[in-house]
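Q: Here it is, the structure in full.
Number of protein chains: 2
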Amino acid sequence: MEESFALVTVTEGIPNPWSFTFLPRGDVLITQRSGKLWRVEAASGRRSEVGGLPEIDAGGQGGLLDIVLHPGYSSNGWIYMSHVVSSSGGSSTAVSRARLDGNRLTDLERVFTADNAGSTTRHFGSRLVFDDEGYLYVSLGDRGESGRAQDLSDHAGTLLRLRDDGSIPGDNPYGAAFSYGHRNVQGMVFDPVSREVWAHEHGARGGDEVNIIKRGANYGWPRISYGRNYDGSRIGIGTAAPGMEQPLVYWDPSIAPSGMAVYTGDAFPSWKGDIFVGALAGQHLRRLVREGTRIVSQEVLLEKRVGRIRDVRQGPEGALCILTDERNGSLYRLEPPES
Amino acid sequence: MEESFALVTVTEGIPNPWSFTFLPRGDVLITQRSGKLWRVEAASGRRSEVGGLPEIDAGGQGGLLDIVLHPGYSSNGWIYMSHVVSSSGGSSTAVSRARLDGNRLTDLERVFTADNAGSTTRHFGSRLVFDDEGYLYVSLGDRGESGRAQDLSDHAGTLLRLRDDGSIPGDNPYGAAFSYGHRNVQGMVFDPVSREVWAHEHGARGGDEVNIIKRGANYGWPRISYGRNYDGSRIGIGTAAPGMEQPLVYWDPSIAPSGMAVYTGDAFPSWKGDIFVGALAGQHLRRLVREGTRIVSQEVLLEKRVGRIRDVRQGPEGALCILTDERNGSLYRLEPPES
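Below, the structure is given as structure tokens:
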């Protein structure tokens, strides 16, 4: 069934926003990649800057990136952010947490710094997701150096699983790393249906993938891929190999996916349980209709209507919210039309 | 490192034995496919028949198959068996449990009957494995009708996950079924390292596979396979497809795998954590050396020395035990040579 919706602008005019999260009373926090954090009041729509941020090494694809609340936020107040920091090897992806006191972060602490240093400013990841046992997953990328994704000697090209204090669970397969062979993961969710982490990643020319993240698994980059290098040459050894995971779906041509949400609200009944993915190059919101862990159909929404979509999350009252990229980034709410 | 070992015969002369399990004091129970259960005393080596078995429809590949102890055996005494029963559609795979009183099963109850009825006597599965949360996995096969493995409308070609009383956990993806696209799974373990269920399955001509079993996943048979049909024609659409799992390793030519164990003992230090697989057609014991969830090398042991191997389990004191098939089936213990 096709759902009709109203598209409401929540706030606009933020340069390259990257992520957002809703506080319990409906205020929203929005990260700006260049290193700002914004709070938009639900009641007034007024936007103000939040101070007390962690160190941020902004440039290229790096800066202040994801933001999520701890699952126990209502009692512990922790807000988690991923951000790029200067490191001896260039720059690395880090995770910090802090509490919010009005418009100021307090109790700031860096809980983890990934060992993914590199001198490029590309492929930092990074999304943050808590699962239902309280483990924190941190997506990363290959730092634009594809050979690092099959090499477990550092974190480039891996996806991490941590305790909420940044320590490493004893049952991880490879230290902090939980899976590997990833090119650049900019969308990740914990799926309450399968109780597993789902993620998508950018391919090169073609070959964007959606995967279920499994302990110890190898997602194949750059040994296997459904895409090609930008010069048209073949990548690795083909599209499949034993011991390497196949995606649930792939996109060729690339849509350049960013942001991911599982819709669990009641406002759009026919969307319940579906996966939503933002598209940068594709400039649309993509709905993946699933049965269990199979993607059975796809729908393209908002094509070329709002531009490049960087993030998608569910908001209060079952609204679906999207954040657009570019100089004049905006947060929109999709809600049922007034009857 | 190559381990040397002594090969000790525990008992011999059982026609087509299928599985075995050790009781806490070292006695061993051995199933005979045609419908007998044997108890061999650890101290004397004396073998006696156990009475009070469940219904068994023996014939072809069907009969009394796997046997395992409940993880809480020491307090609850439950022994689980898989066995083939007559059903309105021909024959089906069932799971029963009972307690053992001397040489007699008591408190016998059938906890589950799979909806995999068919008129062939092929591809019933069936191994039984408990995971560390107490869920019971039951492997099945496609009943020799390959089209059924991609069809979730019945249990043929699926792998089941149950509670210990045979009821269906609410978080299963497809009713009793946990994964699908399986041809015939005759080896399965719970791997304590990855905390996941590993299984192997028979290919057709080539294409035997080892897989990690994931919630909701599709293992591809007969849409994808590394094997060919017995007439040499191609199977399905090739070796890989999005949404279908790739094996960790495959064997072409087929070894016809049966039985599987993770070695956790101290008697053979260099085997610790390795996976052992029996081979019927291959007539050997195969050691899979793994790092986390990767198979990094393989070793063939006992090639053509004891015949077709139906099952492999770890025994008391870190011995590795194998059960051979055919008219004169035997149980052997591999133990360190006397120094």
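Keeping their order, the protein sequence lines are chains A and B.
Okay, so the first sequence: first residue is 1 according to this note's numbering, each after it adds one.
Okay, so the second sequence: first residue is 1001 according to this note's numbering, each after it adds one.
Just so you know, even glycine gets a beta-carbon here, dropped at the ideal spot from N, CA and C.
1) Would you please state the rounded distance, in angstroms, between the beta carbons of R1110(B) and P1054(B)? I believe it to be under 8 Å.
2) What residue range is occupied by the uninterrupted alpha helix (DSSP H) comprising N76(A)?
3) Please identify the residue among R205(A), V210(A), A204(A) and G206(A) whose C-alpha is closest to the C-alpha of W198(A).
4) Does the stretch 58 to 77 of chain A touch the stretch 31 to 43 of chain A, meaning 3 or more C-beta pairs lie closer than 8 Å?
5) Below 8 Å on the Cβ atoms is my contact criterion, and I expect Y332(A) with V306(A) to pass it. Report the Cβ-Cβ distance as a whole number of Å.
6) From G45(A), R46(A) and W38(A), pick the residue whose C-alpha is nearest to that of G52(A); which is it?
7) What is the residue span of the beta strand (DSSP E) that T1158(B) lies within?
8) Please list the segments of the alpha helix (DSSP H) lying wholly inside the stretch 1216 to 1252 of chain B, counting only runs of 4 or more residues, in order along the chain.
9) So is R950(B) buried or exposed if we call it buried at 16+ other beta carbons inside 10 Å?
10) By DSSP, does R1305(B) sit in helix, in strand, or in coil?
11) Have a look at G1329(B), E1326(B), N1328(B) and L1320(B) and flag the residue whose alpha-carbon is nearest the alpha-carbon of E1335(B).
12) Distance cutoff 7 Å, beta carbons only. Does K214(A) sit that close to anything in chain B?
13) Is there a Cβ from chain B that is less than 7 Å from the Cβ of Y250(A)?
14) Which residues does DSSP pair with I1056(B) in a beta bridge?
15) Am I right that T1158(B) and Y1180(B) are in contact with their C-beta atoms under 8 Å? What's the rounded C-beta distance?
16) Check G1147(B) in the structure and name its three-state DSSP category.
17) With 16 other CB atoms within 10 Å as the buried threshold, where does A43(A) fall?
18) How would you list, in chain order, the residues of chain E whose beta-carbon sits under 7 Å from the beta-carbon of E1196(B)?
19) Hey, quick one: how far does the beta strand (DSSP E) through A1267(B) stretch, first residue to last?
20) With 16 as the cutoff for other CB atoms within 10 Å, does V296(A) come out buried or exposed?
21) Would you verify that the beta carbon of P173(A) is, or is not, closer than 7 Å to some beta carbon of chain B?
22) Drop a sphere of 10 angstroms on the beta-carbon of N1184(B), count the other beta-carbons inside from all chains shown, and report buried for 16 or more, exposed for fewer.
23) I'd like to know if M244(A) contacts chain B, where contact means its C-beta is closer than 7 Å to some C-beta of that chain.
24) If you drop the 5 nearest sequence neighbours on each side, which residues of the same chain put their C-beta closer than 7 Å to that of G265(A)?
25) Roughly how many angstroms lie between the CA atoms of P242(A) and M81(A), to the nearest whole one?
26) When you compare the CB positions of I79(A) and A98(A), do they come within less than 7 Å of one another, or not?
27) Looking only at C-alpha atoms, which of S1074(B), G1045(B) and G1013(B) sits nearest to L1023(B)?
28) Take N1229(B) and list the residues in its own chain whose beta-carbon comes closer than 8 Å to its own, dropping the five residues that flank it on each side.
29) Could you give the distance in angstroms between the alpha-carbon of P247(A) and the alpha-carbon of K214(A)?
30) Short of 6 Å in beta carbon distance, which residues of its chain neighbour S1048(B), apart from the five on each side in sequence? Order them along the chain.
31) Give the secondary structure of E1299(B) by DSSP, where H, G and I count as helix, E and B as strand, and everything else as coil.
32) Looking at G144(A): is its Cβ nearer than 7 Å to the Cβ of H123(A)?
33) Tell me whether the beta-carbon of S1330(B) lies closer than 7 Å to the beta-carbon of T1009(B).
34) Figure out for me which residue from G118(A), G187(A) and I14(A) has the closest Cα to the Cα of D57(A).
35) Nearest to A1261(B) by alpha carbon, out of S1254(B), S1092(B), L1285(B) and L1280(B)?
36) Just grab the DSSP bridge partners of T106(A) for me.
A: This is what the structure holds:
1) 6 Å
2) Y73 to N76
3) V210(A)
4) yes
5) 6 Å
6) W38(A)
7) T1158 to L1162
8) none
9) The structure shown has nothing for residue 950(B), since chain B only spans 1001 to 1339.
10) coil
11) L1320(B)
12) yes
13) yes
14) BP columns for I1056(B) are empty, so no partner.
15) 4 Å
16) helix
17) exposed
18) The structure shown contains no chain E; its protein chains are A and B.
19) Note, A1267(B): premise wrong, no beta strand (DSSP E); not H, not E.
20) exposed
21) yes
22) buried
23) yes
24) Q314 and G318
25) 36 Å
26) yes
27) S1074(B)
28) A1204, R1205 and I1235
29) 12 Å
30) R1039 and N1103
31) strand
32) yes
33) yes
34) G118(A)
35) L1285(B)
36) R99(A)
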